[in-house]
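Using full-length UniProt numbering, you'd call the opening residue of the sequence shown number 1 and step up by one each time.
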Amino acid sequence: MAKNLLIVESPAKAKTINKYLGKDFTVLASYGHVRDLVPKEGAVDPDNGFAMRYETIEKNERHVDAIAKAAKSADHLFLATDPDREGEAISWHIAEILKQRNLLQGKSLQRVVFTEITPRAIKDAMTQPRDIASDLVDAQQARRALDYLVGFNLSPVLWRKIKAGLSAGRVQSPALRMIVEREEEIEAFIAHEYWSVEAECAHPAQAFTAKLIKLDGKKFAQDTGKLEFTLTDANAAEAARLRIQQAAAGKLHVTDVTSKERKRRPSPPFTTSTLQQEAARKLGFTTRKTMQVAQKLYEGVAIGDEGAVGLISYMRTDSVSLSQDALADIRDVIARDFGTASLPDKPNFYQTKAKNAQEAHEAVRPTSALRTPTQVARFLTDDERKLYELIWKRAVASQMIPATLNTVSVDLSAGSEHAFRASGTTVVVPGFLAVYEEGKDSKSKDDEDEGRKLPLMKLGDTVPLDRIHTDQHFTQPPPRFTEASLVKALEEYGIGRPSTYASIIQTLLGKQYALLEGRAFKPTDIGRAVSKFLSNHFPKYVDYDFTANLEDELDAVSRGEENWIPLMEKFWGPFKELVDDKKVSLDKADAGSVRVLGVDPASGRPLSARIGRFGPLVQIGTVEDEEKPRFASLKPGQSIYSISLPEALQLFEMPRQLGVDANGEEVSVGIGRFGPFAKRGSTYASLKKEDDPYAITLARAIFLIEEKEEIARNRVIKQWPDSDIQVLNGRFGPYLSDGVLNGKIPKDREPAALTLAEVQQLMADTGKPARKGFGAKKTVVKKAVAKKATAKKTAADKPARKAAAKKPAAKKAAPKAVAKKSPLLYSSGIAPAKPLLTAAKVEPGKKRVVKKTNHGDAPF
1 MAKNLLIVES PAKAKTINKY LGKDFTVLAS YGHVRDLVPK EGAVDPDNGF
51 AMRYETIEKN ERHVDAIAKA AKSADHLFLA TDPDREGEAI SWHIAEILKQ
101 RNLLQGKSLQ RVVFTEITPR AIKDAMTQPR DIASDLVDAQ QARRALDYLV
151 GFNLSPVLWR KIKAGLSAGR VQSPALRMIV EREEEIEAFI AHEYWSVEAE
201 CAHPAQAFTA KLIKLDGKKF AQDTGKLEFT LTDANAAEAA RLRIQQAAAG
251 KLHVTDVTSK ERKRRPSPPF TTSTLQQEAA RKLGFTTRKT MQVAQKLYEG
301 VAIGDEGAVG LISYMRTDSV SLSQDALADI RDVIARDFGT ASLPDKPNFY
351 QTKAKNAQEA HEAVRPTSAL RTPTQVARFL TDDERKLYEL IWKRAVASQM
401 IPATLNTVSV DLSAGSEHAF RASGTTVVVP GFLAVYEEGK DSKSKDDEDE
451 GRKLPLMKLG DTVPLDRIHT DQHFTQPPPR FTEASLVKAL EEYGIGRPST
501 YASIIQTLLG KQYALLEGRA FKPTDIGRAV SKFLSNHFPK YVDYDFTANL
551 EDELDAVSRG EENWIPLMEK FWGPFKELVD DKKVSLDKAD AGSVRVLGVD
601 PASGRPLSAR IGRFGPLVQI GTVEDEEKPR FASLKPGQSI YSISLPEALQ
651 LFEMPRQLGV DANGEEVSVG IGRFGPFAKR GSTYASLKKE DDPYAITLAR
701 AIFLIEEKEE IARNRVIKQW PDSDIQVLNG RFGPYLSDGV LNGKIPKDRE
751 PAALTLAEVQ QLMADTGKPA RKGFGAKKTV VKKAVAKKAT AKKTAADKPA
801 RKAAAKKPAA KKAAPKAVAK KSPLLYSSGI APAKPLLTAA KVEPGKKRVV
851 KKTNHGDAPF
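(1) Looking only at its own chain, which residues have a Cβ that is under 7 Å from the Cβ of A335, when we skip the five neighbours before and after it?
(2) As a quick exercise: from V64, L154, A66, pick the residue whose alpha carbon is nearest that of S535.
(3) In angstroms with no decimal places, state the Cα-to-Cα distance between T475 and A221.
(4) For A142, which three-state DSSP category applies?
(5) Within a Cβ cutoff of 6 Å, which residues of the same chain sit near A484, ignoring the five residues on either side of it in sequence?
(6) Enumerate in chain order the residues of its own chain whose CB-to-CB distance from L252 is below 6 Å, with the five nearest sequence positions on each side excluded.
(7) Among the candidates D600, K747, Q719, whose CA atom is the shortest distance from the CA of F732?
(8) Taking a contact to mean a Cβ-Cβ separation below 8 Å, would you say R610 touches K163 in this structure?
(9) By the DSSP assignment, the beta strand (DSSP E) with T56 in it spans what residues?
(10) Touching or not, the segment 135-148 and the segment 108-120, by the rule of three or more beta carbon pairs under 8 Å?
(11) Can at least three beta-carbon pairs, one atom from the segment 478-492 and one from the segment 227-235, be found at a separation below 8 Å?
(12) Whose C-beta lies closer than 6 Å to the C-beta of S91 among residues of the same chain, with five residues either side of it excluded?
(13) Please state whether DSSP places I671 in a helix, a strand or coil.
(14) Can you tell me whether A207 is buried or exposed, with buried defined as 16 or more other CB within 10 angstroms of its CB?
(15) Is D329 closer than 8 Å to L370 when the C-beta atoms are compared?
(16) Considering Cα atoms alone, identify which of F270, A205, K768, D461 is closest to T352.
(17) For S608, does the three-state DSSP call read helix, strand or coil?
(18) Quick one: is L607 buried, meaning 16 or more other Cβ sit within 10 Å of its Cβ, or exposed?
(19) Could you name the residues of the same chain whose beta carbon sits closer than 8 Å to that of T255, not counting the 5 residues immediately before and after it, in chain order?
(20) Please state the DSSP three-state secondary structure of H473.
(21) Just to check my reading of the structure: V408 and S259 have Cβ atoms closer than 8 Å, yes? What is that Cβ distance to the nearest angstrom?
(22) Reducing DSSP to helix, strand and coil, say where V785 ends up.
(23) Among all the DSSP beta bridges, which residues are the ones paired with R595?
(24) Alpha carbon to alpha carbon, how far is R385 from K377? Give it in angstroms, no decimals.
(25) Quick one, are the C-beta atoms of I711 and D661 less than 8 Å apart?
(26) Work out the CA separation of T209 and Q472 for me, nearest whole Å.
(27) Just to confirm the assignment, what range does the beta strand (DSSP E) spanning V410 have?
(28) Could you spell out the range, first to last residue, of the alpha helix (DSSP H) harbouring L275?
(29) Mind checking H469: buried by the 16 CB within 10 Å criterion, or exposed?
(30) In the structure shown, what three-state DSSP assignment does G87 receive?
(31) What distance in whole Å lies between the Cβ atoms of A43 and R35, which are believed to be in contact at a cut-off of 8 Å?
(32) May I ask which residues mark the beginning and end of the alpha helix (DSSP H) holding V660?
(33) What alpha helix (DSSP H) runs, 4 residues minimum, are completely inside the segment 684-740?
(34) Opposite T482 in the DSSP bridges: which residues?
(35) Near F189, which residues of its chain fall below 7 Å by C-beta distance, leaving aside the five closest residues on each side in sequence?
(36) I believe I179 touches P523 by the beta-carbon criterion, under 8 Å. Please report the beta-carbon distance rounded to the nearest angstrom.
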């Protein structure tokens, strides 16, 4: 065993580094985080100096054991986890574990940091070891403790007042608030009509268009920001067009020509945030995908005879600076590939916008600009190639000369009272634009003019007028956030860290607080309810400035300017007091998620939209009424915040009788736990995605039912009178079944030609318990599974070592079993064995029968 042990985070990185360091080193991976707070209340103790109780992450126990085993025989230990706060914290956790196991006595333990995985960077790092940075560890500890205390104290309040299973995060909640507030802006938006006027000019050298800038001697207003418009209806626009046309008399006169050169400077090399934004805009990558692909490029890719090579520097960074070596490489590439004229006299330097750029001290860049995208493309996957090319081009372009652009504007009069303007922008010197141009979320006027070349005109020229046309426009609501624009907003507000943006977005999507429609975030009703509740009752803790200021204080801790304990105390006191107060005061208050729509005309009872145990629903009546409330789930696309009374009443029409078929059998449509279905007799047929259960016709329902019956008739390929085994047609092809077990049929066998002896052997070889809902005999299956489990238990002479540790997991399984019995909301799948009715009607004088529904129960 080597006397030097170096620990990194990922196995891919370990493999690459081991090749660089040679036989004197053992390089092992921690596989990310090794410890975390115990997942229960009391893991952070505010009454005891915010002491934190950690436990080893179960999935990484064997990796920790491997590190401990190697540490026993090593003389020197080096912690080479990632060069950010989380990496520093992981190093500290590893050191603490080894210390607790008494494995550090008489050994040296040092921290080494590198921002790229290349032989030079690794060897340089090994010559500059240091101690673990306690300030960075304290900042990370404080961040983890804050997140824990917020989550464990706010989440139960959400469970009580909105819905079980919800969570509130210190950083995710302000991000959710951004998405919700934008949606509310969109809903409140009132579109304003306005009209534009353009002249189509028939210049002999080149036709072009010009926009109206003066009408009737006054400035032609089209300011969508201030909502100032000269023309706001079709009649006024047409009247203006006729006046201009009459005044022009078929020609326009050039009254002014201006030409102006301007410089456009290149963007700085990528930070984590700008890489995520640009990959979203140009490549369509999610933030998560961007970080996963970048991680692979950073850890190392096999490049021909070179073996595994780290292609980019560390991708979690706020910095826009480049090392002297990187600058030299990039300048050599520019001179070689684009000429010395594209190279500035001195390197371009950039100022970071981040308040504390310390998460790695360089921008995201290629480890060697000499490895062009073309040279390495054949060694990369398509996604790796695209992202590497983006990073390489941005870094190279950042060190090139500015682009020189020339903008020409020409004013043309139509008589003395009206005027038009035409503009065009051409690239005089491409500079950095020869390599890269930054993507944009929306086009500006300069973008529209860029690349447009006007014919040569001078003062006093007359230009033939082809025609004048008007166009109707409406002001547009603010756009929903995309991943790129949300990351940009989070960075501008100073909320969270760039390395956390991907996990913030994943949490919002995973908790179904927001959905992606196309590339844009739309909040769900649950997300809106959570955000409104927190904004109403805990406004300070979802305030953008408060969250950003807290990040500043954590940065101060990381720099050693502030102690983390006083920071925690300052936060915890007021926060705990407010939570305790709300737990009491909110017991009698209504949640922020109920919207009264009106009165049900049939019963005279109030009809409301709200969040129930199983999601958004509409409800007739209240829990205080003598008669129990009736519930109905919303249709896909409906929201409790926008649904109208007529739309809500329609939801209670299920099941709906469509009529009778040619044989006089009734045909109906309903909604069950697996989605909408049509029913005739004992046949249930799921509706297709394009079928609306509230609008489906009798003919369409009969077609779906008969299609289902035809499939059922053709389901049995072969069967035997003295055996339960059947050869069946299934969703994924022919298979065997005896009602208890399902068996496979080899691809080279003809299902219809199988004999009884052959299918019996196949069942013995491949038979597995059939899934519930597909004809399985439940009691027999349970016995078969139990028998199998008993056989396994008997085979084991002694119980597994971790059996006891897994008992708590078995307790968690019980609620899941209950949840399966609970009604589900709209989903696709096969029709249920029995329909689940949406509402139980009670005839006068009869006892009310409570029936299962697919709509959930009353809200908490």
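Built from N, CA and C at the ideal position, the CB exists for glycine as well.
According to the structure shown:
(1) Taken in chain order, the residues that qualify are L343.
(2) L154
(3) 14 Å
(4) Three-state result, A142: helix.
(5) Q277, A280, R281
(6) L412, A414, V463, L465
(7) K747
(8) no
(9) Counting along the chain, the beta strand (DSSP E) containing T56 begins and ends at 54-56.
(10) no
(11) no
(12) Spatial neighbours of S91 in its own chain (CB-CB distance under 6 Å, excluding positions within 5 residues in sequence) are listed in chain order as L79, T81, R111, I132.
(13) I671 falls in the strand class under three-state DSSP.
(14) exposed
(15) yes
(16) F270
(17) Assignment of S608 by DSSP, reduced to helix, strand and coil, places it in the strand class.
(18) buried
(19) D411, L412, S413, A419, L459
(20) strand
(21) 5 Å
(22) For V785, the pLDDT reaches just 41, beneath the cut-off of 50, and the residue's location in the model is therefore unreliable, leaving the point undetermined.
(23) A609
(24) For the record, residue 377 in the displayed sequence is Ala; it is not Lys. Going from the Cα of A377 to the Cα of R385 covers about 6 Å.
(25) no
(26) 17 Å
(27) 403-414
(28) 272-278
(29) Exposed: under 16 other Cβ atoms inside 10 Å.
(30) helix
(31) Not a contact, Cβ separation roughly 11 Å.
(32) Counting along the chain, V660 falls outside any alpha helix (DSSP H), though it belongs to the beta strand (DSSP E) covering 656-660.
(33) 698-713
(34) A520
(35) Same-chain partners within the cutoff: P477.
(36) 5 Å
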